[in-house]
Amino acid sequence: MVIWVDADACPNVIKEVLYRAADRTQTQVTFVANQSLRVPPSPWLKTLRVPAGFDVADNEIVKRVEEGDLVITADIPLAAEVLEKGGAALNPRGERYSPATIREKLTMRDFMDTMRASGVQTGGPAAMSPRDRQQFANALDSWLTQRRR
-17 MVIWVDADAC PNVIKEVLYR AADRTQTQVT FVANQSLRVP PSPWLKTLRV PAGFDVADNE
43 IVKRVEEGDL VITADIPLAA EVLEKGGAAL NPRGERYSPA TIREKLTMRD FMDTMRASGV
103 QTGGPAAMSP RDRQQFANAL DSWLTQRRR
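With the numbering used here applied, the sequence shown covers -17 to 131.
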């Protein structure tokens, strides 16, 4: 069981939660990014640097993820591919993607892309709040507890 992190866009407060969870539960966490990352010294934390380019990190995660692994990402197409391979996906705000909801999320994402392409200002996601961080920590703990059983 491995946790893979789409680390280029992962908020630092979420990385901090993952550092602590990895050591506490002795779970391997691999941060995948197209830039150098610094993680605290730990046998449970790894980094994987990939070349720069569109979806290179995502493709590497999909290639390596195995059934039962968890991927931390806000990227909905990546989450969909992870689910197809039997993995689990969790976004940095603590929302667990599921086969039942991923199609709706993909459709909404495509709709918003179309809106932005036509010049409509849609705004971005709200800033991470302490509540978001807590929801993520709770969802991660829930997943880790399920895996330990």
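Just so you know, even glycine gets a beta-carbon here, dropped at the ideal spot from N, CA and C.
Can you tell me the Cα-Cα spacing of residue i and residue j, whole angstroms?
i	j	result
Gly76	Trp125	11 Å
Arg6	Asp95	39 Å
Asp51	Ala70	6 Å
Leu122	Ser18	25 Å
Which term fits residue i, buried or exposed, when burial requires 16 or more other beta carbons within 10 angstroms of its beta carbon?
i	result
Asn73	buried
Asp(-12)	buried
Hey, would you say residue i sits closer than 7 Å to residue j, going by beta carbons?
i	j	result
Thr12	Trp(-14)	yes
Val64	Val47	yes
Tyr79	Ala56	no
Ile43	Val(-1)	no
Tyr1	Pro22	yes
Secondary structure at residue i, three-state DSSP: helix, strand or coil?
i	result
Ala119	helix
Ala71	strand
Asp114	helix
Arg129	helix
Val(-5)	helix
Val64	helix
Residue ranges of each alpha helix (DSSP H) within the stretch 28 to 59, 4 or longer: 38 to 46
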